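*Asks:*
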Amino acid sequence: MSGSASYNVTHDDAQAIDDCWNRIGVHGDKSCPLLAEHIHCRNCSVYSAAATRLLDRYALRQDERELVYAPVDSDIVTRSLLMFRLGEEWLGLSTRSLVEVAPLQAIHSLPHQRSRALLGVANVRGALVACLSLVELLGLEPGSPAPSGGRIMPRMLIVAAQGGPVLMPVDEVDGIHAIDERILANASPSAGKYTRGVLQYKGRSLRWLDEEQLLSAVSRSLS
Numbered sequence: 016m017s018g019s020a021s022y023n024v025t026h027d028d029a030q031a032i033d034d035c036w037n038r039i040g041v042h043g044d045k046s047c048p049l050l051a052e053h054i055h056c057r058n059c060s061v062y063s064a065a066a067t068r069l070l071d072r073y074a075l076r077q078d079e080r081e082l083v084y085a086p087v088d089s090d091i092v093t094r095s096l097l098m099f100r101l102g103e104e105w106l107g108l109s110t111r112s113l114v115e116v117a118p119l120q121a122i123h124s125l126p127h128q129r130s131r132a133l134l135g136v137a138n139v140r141g142a143l144v145a146c147l148s149l150v151e152l153l154g155l156e157p158g159s160p161a162p163s164g165g166r167i168m169p170r171m172l173i174v175a176a177q178g179g180p181v182l183m184p185v186d187e188v189d190g191i192h193a194i195d196e197r198i199l200a201n202a203s204p205s206a207g208k209y210t211r212g213v214l215q216y217k218g219r220s221l222r223w224l225d226e227e228q229l230l231s232a233v234s235r236s237l238s
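The sequence shown begins at 16 in my numbering and counts up by one.
1. Secondary structure at residue 75, three-state DSSP: helix, strand or coil?
2. Helix, strand or coil: how does DSSP classify residue 53 here?
3. Got a sec? Which residues, its chain only, sit under 6 Å from residue 124 by beta carbon, not counting five neighbours each side?
4. Is DSSP giving residue 175 helix, strand or coil here?
5. Going by beta carbon distance, what residues of the same chain come within less than 7 Å of residue 194, once the five residues before and after it are set aside?
6. What is the rounded straight-line gap between the Cα of residue 39 and the Cα of residue 142?
7. According to DSSP, simplified to helix, strand and coil, what is residue 219?
8. Comparing C-alpha positions only, which one of 52, 51, 56 sits nearest to residue 43?
9. Excluding the five sequence neighbours on either side, which residues of its own chain have a C-beta within less than 6 Å of the C-beta of residue 229, listed in chain order?
10. Mind checking whether residue 171 and residue 117 have CB atoms under 8 Å apart?
11. For a test of the three-state rule: what should DSSP assign to residue 138, helix, strand or coil?
12. If you scan the region 180-211 from start to end, which runs of the alpha helix (DSSP H) of 4 or more residues do you find wholly inside it?
13. To the nearest angstrom, report how far apart residue 115 and residue 219 are at their CA atoms.
14. Who are the Cβ neighbours of residue 101 in its own chain at under 8 Å, not counting the five residues just before and after it?
15. With DSSP run on the structure shown, which of helix, strand or coil describes residue 146?
16. Determine the closest residue to residue 204 out of 225, 180, 52, 213, with distance taken between C-alpha atoms.
17. Can you look up residue 114 in the DSSP assignment and give me helix, strand or coil?
18. Hey, how far is the Cα of residue 109 from the Cα of residue 169?
19. Excluding five sequence neighbours on each side, which residues of the same chain lie with their C-beta closer than 6 Å to the C-beta of residue 53?
20. For residue 41, which of helix, strand or coil comes out of DSSP?
21. Taking the alpha-carbon positions, what's the residue 7 to residue 147 distance?
Spelled out as structure tokens, the structure:
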């Protein structure tokens, strides 16, 4: 997937930051003398400072490059959307803005959050990645009850934002669906933030997100 290139770029950037937590901290040989005081690396000012520098890199990269979208061929009759759930609401996001779906990760808050949507940072394969709340970005009601029954697995979406990949926790992922363009064209208008429309699909009311508007909001939350 093309978004994986964005992940690699930010992973390379992260190598320029001293990831001491992977060498001598809790994920390394635990020889750091500060561990006795802080117990865990996430409580250390060095970790917080590294996370802050990473967020600075997100802001800088927004000025260095633009996210490239593949042109849509008018002959294509379907569009691939990832269907996922937040609370009781089902949403659809174009797969061209998706890097991957990942297991749930521990999120470490920062001492000075830059926006209400910024939850903190998470360690993804040794690299710090910013984590944002889609509930906050979309203006959804927090704490909606999850449907009962079944085996529900919360996930993390890794999305290709302009400054680099960003994590977004979701309550459940249904999968990727190729949806007929005619169904999308008949989506009902919606006043929801960053939303193209609402459509009925497989017995569900699906909120189709506008990925360009959403990724622009993500960039603003990281600057």
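Idealized CB from N, CA, C, for every residue including glycine.
Quick caveat: nothing in here was measured; it's all calculated off a predicted structure.
*Replies:* Walking through what the data contain:
1. A caution first: residue 75 carries a pLDDT of 43, below 50, which makes its placement in the model too unreliable to give a value.
2. Note: residue 53 maps to helix in three-state DSSP.
3. So the list reads 135, once near-sequence residues are dropped.
4. Strand at residue 175.
5. Hits under 7 Å: 93, 94, 96, 216.
6. Going by the C-alpha atoms only, they are around 15 Å apart.
7. Residue state, collapsed to three classes: strand.
8. Answer by Cα proximity: 56.
9. So the list reads 209, once near-sequence residues are dropped.
10. With a cutoff of 8 Å on beta-carbon distance, residue 171 and residue 117 are scored as near each other.
11. Strand at residue 138.
12. Taking only runs of at least 4 residues, the alpha helix (DSSP H) segments lying wholly in the region 180-211 are 196-200.
13. When rounded, the distance between both Cα atoms is 23 Å.
14. If the five residues before and after residue 101 are omitted, its C-beta is found closer than 8 Å to the C-beta atoms of 149, 150, 153, 155, 159, 185, 186, all from its own chain and listed in chain order.
15. Strand.
16. The residue with the shortest Cα to Cα distance from residue 204 is 213.
17. The answer is strand: DSSP assigns residue 114 an E or B state.
18. When rounded, the distance between both Cα atoms is 19 Å.
19. Excluding residues within five positions, the ones whose Cβ falls inside 6 Å are 59.
20. In the three-state reduction of the DSSP assignment, residue 41 falls in the coil class, being assigned neither a helical nor a strand state.
21. This structure cannot speak to residue 7, because the chain is shown only from 16 to 238.
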